[in-house]
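So the structure is just underneath, and the comments pick up after that.
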Amino acid sequence: MNEIGGKGAFYLTFDIDAMDHTFAPGTQYPGPSGFRPIEVMRFIRRLGMAGAAGMDVVEYAPLIDPAKNTGNMLATLLCEYMSGKAYSMRSG
Numbered sequence: 002m003n004e005i006g007g008k009g010a011f012y013l014t015f016d017i018d019a020m021d022h023t024f025a026p027g028t029q030y031p032g033p034s035g036f037r038p039i040e041v042m043r044f045i046r047r048l049g050m051a052g053a054a055g056m057d058v059v060e061y062a063p064l065i066d067p068a069k070n071t072g073n074m075l076a077t078l079l080c081e082y083m084s085g086k087a088y089s090m091r092s093g
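For what it's worth, this note's numbering labels the leading residue of the sequence shown as 2, then goes sequentially.
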């Protein structure tokens, strides 16, 4: 992670099926033993701080998750990215 900062802008694509399906069931290919929310939140915030110019999310299937857990998790992850981005703009 330390090597990313200072190398120029980059773009982040996050595949939601990398998360443990317990926390993000709204994907076509859920898998066990994926990342926990806190791990992904920290990672995405740090990438925002390191200069990610933008971010998107793939493999979200809202019809599979009527409780909207995955959508809520994605909203949280996008907030983490924006928080990291705001921090880097304020300090840099």
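Glycine is no exception: its CB is placed at the ideal position from the N, C-alpha and C atoms.
1. Just to check my reading of the structure: G85 and R47 have Cβ atoms closer than 8 Å, yes? What is that Cβ distance to the nearest angstrom?
2. Classify D18 as helix, strand or coil using the three-state DSSP reduction.
3. Which term fits T28, buried or exposed, when burial requires 16 or more other beta carbons within 10 angstroms of its beta carbon?
4. In angstroms with no decimal places, state the Cα-to-Cα distance between R43 and A62.
5. Under the three-state reduction of DSSP, which class applies to F11: helix, strand or coil?
6. Tell me, please, which residues DSSP counts as bridged to D57.
7. Drop a sphere of 10 angstroms on the beta-carbon of A68, count the other beta-carbons inside from all chains shown, and report buried for 16 or more, exposed for fewer.
8. Who are F36's beta bridge partners in DSSP?
9. What are the start and end residues of the alpha helix (DSSP H) that includes T77?
Taking the definition as stated:
1. Right, their Cβ atoms sit about 6 Å apart.
2. D18 sits in a helix when the DSSP states are folded into three classes.
3. Flag for T28 reads buried.
4. Rounded to whole angstroms, R43 to A62 spans 23 Å at the Cα level.
5. DSSP places F11 in strand when its eight states are reduced to three.
6. T14, per the DSSP bridge assignment.
7. Exposed, since its Cβ has fewer than 16 Cβ neighbours within 10 Å.
8. Answer by DSSP bridge pairing, in chain order: M20.
9. 70-92 is the extent of the alpha helix (DSSP H) around T77.
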